[in-house]
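Undergrad: With positions in the sequence shown counted from 1, the corresponding number in the working numbering is that position plus 396.
Where a beta carbon is used, it is the ideal one built from N, C-alpha and C, also for glycine.
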Amino acid sequence: MTANPVPVQQALDGLSNSPYLWNSLRWLVEAGYRGEKAVIARELAPFADVGKRRFLDFGCGTGAFAACFPAQHYVGIDPATVYIQFAGRTRTGSYLASVGEQLPFAPASFDAALVLGVLHHLSDDVAGAALAELHRVLRAGATLLVIEDVPPPDQWNVAGHAMHWLDRGGHIRSDADYRTLFGSGYTVVRSYPMRSGICDYGVYVLQRS
């Protein structure tokens, strides 16, 4: 694509300042989040053994996936206060505004965590620091479910390529680069591609060492 993306990106930045509009746009282009929700249910089974596990939604944004978890055992964190306030008003669960490199939790506070569409917004250094903090607050053997943007494998997914061209995250990585980023603190139990609407993702089921 050769057109100047700046005006469109500025429009998207404006939309992102409105949690309601931003959430509505994502819901449309990602087909109601059907792909993500299916992966969460399959890999984390949040409603199995309710009350025995505590879940962290790392970079929860507007809280779009809060309903996938038992409300009393779900905590969402995000650095954007406007998103946290929106989630607190409209979603179930608990929410805190926090940067990912300094989580306000004691060690081994959570039994599982979700990282969905976050790491591609972070440089390698910041993402590495965030993963180290997640390692600290997850108990040994806990599951870390990472669902991250990847380059669209299908050249004919024109809409998906356009979304990545406009994406506000500047660090969409290859599979090999994500695996390198996870480092020695996590074991990749399984991974696979997933498409939700027009958006292509890589799914990584990690076990905290």
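Tell me, please, which residues DSSP counts as bridged to glutamate 544.
TA: Its beta-bridge partners are Gly598.
Undergrad: Do glutamate 529 and glycine 598 have their beta-carbon atoms positioned less than 8 Å apart in this structure?
TA: Cβ distance not < 8 Å, so glycine 598 and glutamate 529 don't count as in contact.
Undergrad: Tell me whether the beta-carbon of proline 547 lies closer than 8 Å to the beta-carbon of serine 570.
TA: Against a cut-off of 8 Å, the Cβ pair of serine 570 and proline 547 comes out as a contact.
Undergrad: Based on Cα-Cα distance, which residue from Ile568, Leu541, Gly484, Val446 lies nearest to lysine 433?
TA: Here the closest residue by C-alpha is Leu541.
Undergrad: Near serine 490, what residues of its chain come up, given a Cβ to Cβ distance below 6 Å and the 5 sequence neighbours on each side ignored?
TA: Cβ within range, chain order: Val471.
Undergrad: Please state whether DSSP places phenylalanine 461 in a helix, a strand or coil.
TA: Three-state DSSP puts phenylalanine 461 in coil, outside helix and strand.
Undergrad: Drop a sphere of 10 angstroms on the beta-carbon of arginine 438, count the other beta-carbons inside from all chains shown, and report buried for 16 or more, exposed for fewer.
TA: It counts as exposed.
Undergrad: Which stretch, first to last residue, makes up the alpha helix (DSSP H) that contains proline 482?
TA: Reading off the sequence, residue 482 comes out as phenylalanine, not proline. Here the alpha helix (DSSP H) through phenylalanine 482 covers 477-486.
Undergrad: Contact between the stretch 488-508 and the stretch 447-465 is defined here as three or more beta-carbon pairs at a separation below 8 Å; is this criterion met?
TA: Verdict: yes, contact present.
Undergrad: So, are the CB atoms of phenylalanine 461 and leucine 510 less than 8 Å apart?
TA: Contact: yes.
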